[in-house]
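J.:
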Amino acid sequence: MEMQSEPKRARTAIERLAVVGLLIVFTTLVGALRAEAQDDGAKLFETRCYSCHNIGGGDKQGPDLKGVTERQSREWIEEFVKSPTAMSRKDPVAAELFKKFSPTIMPDQTLTPAELDSIITLIKNLTSKNETFVPSGAKLSRAIVPADIIAGKELFTGQIHLANGAPSCNSCHSVNGVGALGGGTLGPDLTAANIKYRDPELISILQSPNFPTMNTIFTNHKLTDEEVVQLFAYLQNAKQVYPEASVVPTQAAATTDPRFLVLGFGAATLVLIGLNVFWRKRSHGVRKEMVRRSKI
Amino acid sequence: MDVRLQVSMVFHLDKCIGCHTCSIACKNVWTDRKGAEYMWWNNVETKPGTGYPTKWEDQSKYNGGWEKKDNGKPELKMGNRASRLINIFHNPSLPKMDDYYEPFTYKYEDLFDSPEGADQPTARPISMVTGKFMDIEAGPNWDDDLGGSPVYAENDANFEGLSPEEQQELFDVERLVFFYLPRICNHCLNPACVAACPSGAIYKRGEDGIVLINQEVCRGWRMCVSACPYKKTYYNWSTGKSEKCILCFPRLETGQAPACFHSCVGRIRYLGGILYDADRLTDALNVDDDKLVDAHRDLILDPRDPVVREKAKENGIDERTLEACERSPVYRYVKEWKMALPLHSEFRTLPMLFYVPPLLPVMAKTENGVYETANDELFSPIEKARLPIKYLASLFSAGNTDQVSYALKKQYAVRLFKRLETVGDVSEEVVNYALAECGMDAEEAEAVYRLTSLPTMDERVVIPPMHREEAMAMLDDDMWEQKGSAGFGFREAPVRGA
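Note that the protein sequences, when read in sequence, are chains W and C. Okay, so the first sequence: first residue is 14 according to the working numbering, each after it adds one. Okay, so the second sequence: first residue is 22 according to the working numbering, each after it adds one.
1) In its own chain, which residues sit with a C-beta less than 7 Å from the C-beta of residue 322 of chain C, not counting the 5 before and 5 after it?
2) Report the neighbours of residue 298 of chain W on chain C: residues whose CB is nearer than 7 Å to its CB, in chain order.
3) What residues in the region 277-304 of chain W bring their beta carbon closer than 7 Å to a beta carbon of chain C?
4) Which of the three DSSP states, helix, strand or coil, is assigned to residue 146 of chain C?
5) By DSSP, does residue 90 of chain W sit in helix, in strand, or in coil?
6) Taking any Cβ of chain B, which residues in the region 158-169 of chain C have a Cβ under 7 Å from it, in chain order?
7) Between the region 62-73 of chain C and chain W, which residues of the former have a C-beta closer than 8 Å to a C-beta of the latter?
8) Could you check if residue 127 of chain C is buried or exposed, using at least 16 other CB atoms within 10 Å of its CB as the buried criterion?
9) Under 8 Å, Cβ to Cβ, is there at least one residue of chain W near residue 176 of chain C?
10) Candidates C:26, C:443 and C:312: which alpha carbon is nearest residue 232 of chain C's?
11) How would you label residue 14 of chain W, buried or exposed, when you count the other beta carbons within 10 angstroms and need 16 or more for buried?
12) Please report whether the beta-carbon of residue 115 of chain W lies at a distance below 8 Å from any beta-carbon of chain C.
13) May I ask you to list, following chain order, the residues of the region 181-215 of chain W that have a beta carbon less than 9 Å from some beta carbon of chain C?
14) Assign residue 129 of chain C to buried or exposed, taking buried as 16 or more other Cβ atoms, counted over all protein chains shown, within 10 Å of its Cβ.
15) Determine, using beta carbons only, whether residue 483 of chain C and residue 348 of chain C come nearer to each other than 8 Å.
16) Residues of chain C with CB under 9 Å from residue 96 of chain W, in chain order?
17) For the 8 Å Cβ check, are there 3 or more pairs between the region 146-166 of chain W and the region 211-225 of chain W?
18) Mind checking if residue 75 of chain C is an interface residue toward chain W, Cβ cutoff 8 Å exclusive?
19) Just grab the DSSP bridge partners of residue 298 of chain C for me.
20) Span of the beta strand (DSSP E) holding residue 137 of chain W?
21) Which of the three DSSP states is assigned to residue 224 of chain C in this structure?
22) So, does the CB of residue 307 of chain W fall closer than 8 Å to a CB anywhere in chain C?
23) Residue 60 of chain W by DSSP, collapsed to three states: which one?
24) Using a C-beta cutoff of 8 Å, does residue 114 of chain C count as contacting chain W?
25) Using a Cβ-Cβ distance under 8 Å, would residue 150 of chain C count as near chain W?
26) Pairs of beta-carbons, one from the region 35-44 of chain W and one from the region 103-112 of chain W, closer than 8 Å: are there three or more?
27) Distance check for residue 418 of chain C and residue 243 of chain C, CA to CA, integer angstroms please.
28) Between residue 99 of chain C and residue 210 of chain C, is the Cβ-Cβ spacing less than 8 Å?
29) Check the DSSP bridge columns for residue 67 of chain C and list the partner residues they point to.
30) Apply the 10 Å Cβ neighbour rule to residue 478 of chain C and answer buried if 16 or more other Cβ atoms are within range, or exposed otherwise.
31) Below 8 Å, can you find three or more Cβ-Cβ pairs linking the region 452-460 of chain C to the region 243-258 of chain C?
32) For residue 250 of chain C and chain W, any beta-carbon pair shorter than 8 Å?
33) What separation, rounded to the nearest whole angstrom, lies between the Cα atoms of residue 20 of chain W and residue 34 of chain W?
34) Taking Cβ-Cβ distances shorter than 7 Å, what residues in chain W pair up with residue 523 of chain C?
35) In chain order, what residues of the same chain have a beta carbon less than 7 Å from the beta carbon of residue 226 of chain C, not counting five sequence neighbours either side?
36) Which value, in whole angstroms, describes the spacing of the CA atoms of residue 339 of chain C and residue 467 of chain C?
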């Protein structure tokens, strides 16, 4: 009982100072972390979202994301990002969005909850401040010179290998003027890429393509700054040379060149002639020929 | 000296009547099966003619046999190992089915099942491969007896060395001539089929030299079909394996003559053991074409020579086998009398089937429009033979006319010799001259006569005792161990429930 009755010892000034100091350190740390999270968010947004979305800059391929956090719950956003197509089937809002931005379909994203959080923080932050997202990295490392167009074409067709070992563009894409054989048809024709996307968006895509197919390939084989400049120059030029190109992706664009057909026939004929030469000593039967050549 | 035994053969063409009984006997025993309908392990050809498959002798088309090389290692004409490997999926030198013939039967049921009509029903030919109606264009002996045919006789590959005049003479109506050439697998000493097989499925039996295709190893590459210059391996399109004459080894092992030998109406076929020196095989392959027959003959050893017998026994050849070799009619015809010659020795496979060239019939002529068979001399001398010696030499001695002449002269001398003895209307001087010309005495002439005209079955076919038990002992397998574990069943032990 004696102990209970002992009077409380008062905090000393030094103790108060320490507590205040600790609080200051803590808040600073949290603030720094939050700032960092926002930085992360900006970087993530730029690489993963900016090619199609804006914050405050108006609609692009996809809607402006300003204020999305106020319109929708976090759960809704998370579910939508994970699989937009699945969401569009059950949620009227999502379905409406899909209708509005048709035929563009947002690909499924693989974002961790932490990454999603940092992006949401960024959107909230910019919305509250009523600011517009300004990409930091989507800039060319140097000005374009005419030689870049030629170099860009060579990179596109694979005559020059991409430095980090990525496959050349024409394995999957075609572009007008790439040659009679055309390019691949897995990805869309890129002749109109420069109209579909604004310059910073296109640069952003080149720097880190965020489409499911390309993502897996280019994450570990990024284009170098120099390659981005040259390919950008080439795609920009392609649009100027072929202004009639459609923005709507045309999968069959690579085969519309009539020279392709002629080339195909020519090659087939050559192969057949080659086989005949290569196997000219092959026996073609003896008796029939003998009877045919005999005098009666 | 490495003494080996070969079961070897002689066909006496002067006795062949071209009846095809041998072919039918063989067909009935061995190739009356699906996929084997077109095969004739034994076939009889008319010469001059193109044979079966068409123009088989023309290696510019079929690339069979061996080619002599300067480095002393003969190479298969179809190419070296590398080029054979490159062509393994696309063998360019195969005969087509049409070169053999498309096997056919007739739709006999139509004769019975047809509805009543104004015309007699016919049995249309149907292919035994596709089962569909077909037009018969060729057969395995399509040119049978077509001696002067401008299609078949004129395309005989052996006419190459003959001048156009010599060729033309063969087709003059009054001179027209042909003979028969029965063919089976030659069971060569240097078989090209064995060398060409990529699967190692073909082997020459150590104990008797019979060349066989192991049906369990064969993968149907058909390299043997190209490589064999005689085209005596055949691809079975049903089983996907190649097959060939097995010299009726199951019959030989039980002391019976092969089916074609057994059934031969003209009794032209001789079979017997021959001892040869395997050490000198390559020497016999590296001589020029005109020396090939002599080199081939040199490989054959005298079974009475004590040294040979000693070496033969070292190689596991039984005493009773050696005794059979002493009685071998093949040894007499080939080695002692030099009357039997290998077919197309220029293919360099060292074929072990020998032919006594045909001494063709009496020469006829037309004078004043009269067809005259009588001759100044009873038998026309071989110089006046209807078939040029060159032609026979192209078939039987790689172009060396001396060999063929000698074999024909010997037959000629024996005929005169027996004529003098039995009828006596030939002068003794002529007979003695003929005998002397081929270095023959009366005793030998009598022996040739007896073995040619009066041989019994046992004299024609002297099968060396097969001694399967000794052949088994030659295998590396420990047969006693097999005996204990397998009980019976040579290759696989019986298993309960299997």
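Ideal Cβ positions, reconstructed from N, Cα and C, are used throughout, including at glycine. Values in this document were obtained by computation on a predicted structure and should not be read as measured data.
T.: On the basis of the coordinates in this document:
1) Once the five neighbours on either side are set aside, the close Cβ partners of residue 322 of chain C are 24, 296, 297, 298 and 329.
2) Neighbours of residue 298 of chain W on chain C, chain order: 117, 119 and 120.
3) Of all residues in the region 277-304 of chain W, 292, 294, 295, 296, 298, 299, 300, 301, 303 and 304 have a Cβ within less than 7 Å of some Cβ in chain C.
4) Three-state DSSP puts residue 146 of chain C in a strand.
5) Residue state, collapsed to three classes: helix.
6) Here chain B cannot be found, since the structure's protein chains are W and C.
7) Against chain W - using a Cβ distance shorter than 8 Å - the residues of the region 62-73 of chain C are 71.
8) In summary, residue 127 of chain C is exposed, with fewer than 16 beta-carbon neighbours lying within 10 Å of its beta-carbon over all protein chains present.
9) It does; some Cβ of chain W falls within 8 Å.
10) Closest by alpha carbon: C:26.
11) For residue 14 of chain W, the predicted structure reports a pLDDT of 41, less than 50, and the residue's modelled location is therefore unreliable. The matter cannot be settled from this model.
12) No - not a single Cβ of chain C is within 8 Å of the one on residue 115 of chain W.
13) So nothing in the stretch comes that close.
14) Label assigned to residue 129 of chain C: exposed.
15) Yes. Within cutoff.
16) Chain C residues near residue 96 of chain W: none, gap ~50 Å exceeds 9 Å.
17) Touching, yes.
18) Yes, contact with chain W.
19) Note: residue 298 of chain C sits in a beta bridge opposite C:24.
20) From DSSP, residue 137 of chain W is part of no beta strand (DSSP E) but of the alpha helix (DSSP H) over 126-142.
21) Residue state, collapsed to three classes: strand.
22) For residue 307 of chain W, the answer is yes, since a Cβ of chain C falls inside 8 Å of its Cβ.
23) Note: residue 60 of chain W maps to helix in three-state DSSP.
24) Cβ-Cβ to chain W under 8 Å: yes for residue 114 of chain C.
25) Not closer than 8 Å to any Cβ of chain W, the Cβ of residue 150 of chain C fails to qualify, so no.
26) Judged by Cβ distances under 8 Å, the region 35-44 of chain W makes no contact with the region 103-112 of chain W, as fewer than three pairs qualify.
27) Each residue's Cα considered, the two are about 29 Å apart.
28) Taking a C-beta distance under 8 Å as the contact criterion, residue 99 of chain C and residue 210 of chain C do not qualify as a contact pair.
29) Answer by DSSP bridge pairing, in chain order: C:201.
30) Exposed, since its Cβ has fewer than 16 Cβ neighbours within 10 Å.
31) With a cut-off of 8 Å, the region 243-258 of chain C and the region 452-460 of chain C do not count as touching, because too few Cβ pairs lie within range.
32) Cβ-Cβ to chain W under 8 Å: no for residue 250 of chain C.
33) For residue 20 of chain W, the pLDDT reaches just 47, beneath the cut-off of 50, and the residue's location in the model is therefore unreliable, leaving the point undetermined.
34) What is shown of chain C runs 22 to 519, which leaves residue 523 of chain C out entirely.
35) Within the same chain, residue 226 of chain C has close Cβ partners 233.
36) One C-alpha to the other measures close to 31 Å.
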